[in-house]
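Undergrad:
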Amino acid sequence: MIKITLPDGSIKEFEQGTTVLEVAESISQGLARNVLSAKFNGETVETKTKLTTDGDLVLFTWNDDEGKKAFWHSSAHVLAQALQELYPGIKLTIGPAIENGFYYDVDFGEQKISENDFKKIEDKMLEISRQKHEFEMREVSKQEALSFYKKENNPYKVELIENLEDGAITFCDHSTFTDLCRGGHLPNTGKIKAVKLMSVAGAYWRGDEHNPQLTRVYGISFPKQKELKEYLALLEEAKKRDHRKLGKELQLFTFSQKVGQGLPLWLPKGAALRERLENFLKKAQQKAGYEQVVSPHIGQKELYVTSGHYAKYGEDSFQPIKTPSENEEFLLKPMNCPHHCEIYNATSWSYRDLPKRFAEFGTVYRYEQSGELHGLTRVRGFTQDDAHIFCTPDQLDEEFKKVIDLVLYVFGSLGFENFTAQVSLRDQEDKEKYIGSDENWEKAENAIINAAKEKGLNYVVETGEAAFYGPKLDFMVKDALGRSWQLGTIQVDYNLPERFELTYKGSDNEEHRPVMIHRAPFGSMERFVAILLEHTGGNFPLWLMPEQAIVLSLSEKYEKYTKKVLNLLEKYEIRGTSDNRNETVGKKIREAEMNKLPYMLIVGEQEEKDGTVSVRKHGGEDLGAMPIEEFAALINREINASLKTFEV
RNA sequence: GCCGACGUAGCUCAGGGGUAGAGCGCUUCCUUGGUAAGGAAGAGGCCACGAGUUCAAAUCUCGUCGUUGGCUCCA
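Residues are numbered in this note's numbering as their position in the first sequence, beginning at 1, plus a constant of 7.
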């Protein structure tokens, strides 16, 4: 007999050789029906794995991430089989489960596949699923595995196997299909009741663009047809919050082919929104001891040679602008730091002057590959809410923590609750990629980790994600479709102070090297507005709204009173507009609702007589008639409630 | 940059080898209204751009540009 410990702590005895599924059956029939995969002593096992020792068993269903993973990984096998049957001779590579579904990377050789082929592939997959094939794991020797795939003429699998330890290689069979596989499958293919292929894309073998490009087929599957429908509906909902769609509808920004790709044009309402964000941050920064500076949009090539950016990115950047006759070379600035270093260098500093905090909403231009451009989240010209802090090494910890406070204040005021902090460290294996001494890197990395810990941030550590000049702490937020974007960033830099020979006079009357912190709480105005749009669906916090109220007149007869109301709104610093068109009030309300105006002030005969406005909130709530003063007080209360306070 | 898809009126989209279509928006007129679309008339298009095939191309083919889902990249 063996003792099996379940997650609730209970211990049950079973015959040696009892399968995972049989354990589930002993608990309940329902569980046995729903169990998709399991872990035994922390190792992924199949549901038909025979248990031979004592141990901890965790069973997973569709409600667990592990269960979904097994479901989608198994679906990838079915996809592979379907593809192989429909397109003989293709070469399979890898097919993992991902956050939402699965994909399989395939070398189609001469054959082509497009979205038009999805229906027939989906049908084939469902046909295979319905046959309820069981997944069988089988151990094979390295030799055997290699010869199997050499016979199939599949160099990808051969390469994978060559990197595996003999003895740890398993194949998975179902139906007539065999695949190299580590395990973690459904009991049988019959669980897969709904399948949808999502897209086809190119993907390089092993993620390296020097390798051959494979065709990646993305799909998702569900245990019930209804769940697929719900998922697709969810995607439709997400599309409604797409910042590109909202930006157009709310007239915030646009793009022009003539101006150039990746170069956003901010429309008046968008510019007003942006300005408000800038002022909000400027106010907080002033409180936190920052000073505004201004630097030009271009700089001599020499500046970037000094900073090291030219050597690193020169080839992949917009190429230098040349003067007509002297042949001097200037670069569009891809970042503000070198300029700010020179601002620091304009004065000699004592340790008593530090830290110096130079802030600038600096517009920068970067050559991004055309395929990488995406709405406002990835553009070629954008404005960073940049600042550089120059401090003594002793001040670094504290300054870093202060910046975290500022970022948290910004995120809090704008309602970003669900962000992850990512500590990006250098890749120890590939130190060539980075500049600066080992010692400095270590100091900087520790400073970041300590600050993140002390501020109680929920952080993840990513090695190899650091900038080439220093480690960083990034604040990641997801968009409507769940893609992660970096917004705020804080980076420690020991390198530029060295290269620009920045100094300050210490208490010992000696020259010392300051430490530099790069930071941008929004990241960039463009990306921040984009993500804010997707999070709020365009219903920004009231203080940010381009227009806070609209006066809707019942008919043209009340034009005069409408104007009077608008003037009063202006007096109370409420951003208002009016709709005096010859249309019914019903229509005006509908349009104001669709334009996401927070407050509608309806004026007619009654209001004019009483000197009031009838207030309707976005969404339909009727607050009744009130004098403008009262409305102004209401707005102010709402604004004050949403703005967090920033203490230094 | 690479793989796939897409580009028709200001917007959202239908159509498709032989006068270019709808809804919304816009203009004018009627109507002067009470909380999510009042009525009528009208203007508006080189069907992204450039070649080719064809008696004939918005439609088919190729190329360019742009958009888009991924990959790679992201100072």
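The C-beta atom is built at its ideal place from N, Cα and C for all residues, glycine as well.
To which residues of the same chain is LYS308 closer than 6 Å at the C-beta, ignoring the five residues directly before and after it?
TA: PRO327, GLU336, LEU338
Undergrad: According to DSSP, simplified to helix, strand and coil, what is CYS348?
TA: Three-state result, CYS348: helix.
Undergrad: I think TYR374 touches ARG387, with their Cβ atoms under 8 Å apart; what is that distance to the nearest whole Å?
TA: 7 Å
Undergrad: Which residues mark the beginning and the end of the alpha helix (DSSP H) in which THR196 is found?
TA: No alpha helix (DSSP H) contains THR196, which DSSP labels as neither H nor E.
Undergrad: With distances taken between CB atoms, is the gap from ALA394 to ALA353 smaller than 9 Å?
TA: No. Outside cutoff.
Undergrad: Taking the beta strand (DSSP E) that GLN138 belongs to, which residues open and close that run?
TA: Taken as a continuous stretch (DSSP letters only), GLN138 belongs to no beta strand (DSSP E), as it is neither H nor E.
Undergrad: If LYS10 and ASP71 are in contact, beta carbons under 8 Å, what's the gap, nearest whole angstrom?
TA: Not really, about 23 Å apart at Cβ, beyond 8 Å.
Undergrad: Just to confirm the assignment, what range does the alpha helix (DSSP H) spanning LEU86 have?
TA: 72-93
Undergrad: LYS157 and LEU187: beta carbons closer than 9 Å?
TA: no
Undergrad: Is it true that the region 518-527 meets the region 485-504, where meeting means three or more beta-carbon pairs spaced less than 8 Å apart?
TA: yes
Undergrad: Throw me the rounded Cβ distance for the PHE426 and PHE389 pair, which I believe falls under 8 Å.
TA: Contact between PHE426 and PHE389 is ruled out by a C-beta separation of about 20 Å, above the 8 Å threshold.
Undergrad: When you compare only the Cα positions, how much space is there between LEU235 and SER228?
TA: 7 Å
Undergrad: Restricting to runs no shorter than 4 residues, where is the alpha helix (DSSP H) found entirely within the region 513-574?
TA: 532-543
Undergrad: Taking the alpha-carbon of THR185 as reference, which of ASN453, LEU259, ALA89 has the nearest alpha-carbon?
TA: ALA89
Undergrad: Note the first and the last residue of the continuous alpha helix (DSSP H) segment covering ASP617.
TA: 612-617
Undergrad: Just the C-alpha distance for GLN613 and PHE638, rounded to the nearest angstrom, thanks.
TA: 17 Å
Undergrad: Use the C-beta contact count for ALA473: other C-beta atoms within 10 angstroms, 16 or more gives buried, fewer gives exposed.
TA: buried
Undergrad: What residue ranges within the region 357-381 form continuous beta strand (DSSP E) runs of no fewer than 3 residues, ordered along the chain?
TA: 363-372
Undergrad: Would ILE135 pass as a contact of LEU93 if the rule is Cβ separation under 9 Å?
TA: no
Undergrad: Give me, in chain order, the residues of the same chain whose beta-carbon lies closer than 8 Å to that of ILE350; leave out the 5 immediate sequence neighbours on both sides.
TA: VAL300, SER302, PHE365
Undergrad: Since GLY583 sits in a beta bridge, which residues does DSSP pair it with?
TA: ALA556
Undergrad: Below 8 Å, how does it come out for the region 443-456 and the region 392-409: are there three or more Cβ pairs, yes or no?
TA: yes
Undergrad: What are the boundary residues of the beta strand (DSSP E) that ARG623 is part of?
TA: 620-624
Undergrad: Can we say the region 532-548 touches the region 430-439, given the rule of at least three CB pairs closer than 8 Å?
TA: Contact fails between the region 532-548 and the region 430-439, because fewer than three Cβ pairs, one in each stretch, are under 8 Å apart.
Undergrad: Can you tell me whether LEU383 is helix, strand or coil according to DSSP?
TA: In the three-state reduction of the DSSP assignment, LEU383 falls in the coil class.
Undergrad: How big is the Cα-Cα spacing for ILE455 and SER491?
TA: Their backbone Cα atoms lie some 21 Å apart in a straight line.
Undergrad: Would you give the residue range spanned by the beta strand (DSSP E) that ILE9 belongs to?
TA: 9-12
Undergrad: Which term fits HIS217, buried or exposed, when burial requires 16 or more other beta carbons within 10 angstroms of its beta carbon?
TA: exposed
Undergrad: Measuring straight from C-alpha to C-alpha, what distance separates LYS247 and LYS255?
TA: 12 Å
Undergrad: For a test of the three-state rule: what should DSSP assign to THR177, helix, strand or coil?
TA: strand
Undergrad: Using 8 Å as the cut-off, classify the Cβ of THR399 as near or not near the heavy atoms of the ligand MG, replying yes or no.
TA: The model on display carries no ligand, and the ligand MG is accordingly not part of it.
Undergrad: Could you compute how far the alpha carbon of ALA45 sits from the alpha carbon of ALA31?
TA: About 10 Å.
Undergrad: Count the C-beta pairs between the region 106-125 and the region 138-157 that are closer than 8 Å, then say yes if the count reaches three, no if not.
TA: no
Undergrad: On the premise that LYS139 lies in contact with THR54, defined as a C-beta separation below 8 Å, what is that separation, rounded to the nearest angstrom?
TA: Actually they are not in contact, since the Cβ atoms of THR54 and LYS139 sit about 14 Å apart, beyond 8 Å.
Undergrad: Can you tell me where the alpha helix (DSSP H) with THR313 in it begins and where it stops?
TA: Start and end: 308-314.
Undergrad: Kindly identify the DSSP beta-bridge partner or partners of ILE609.
TA: LEU559, SER621
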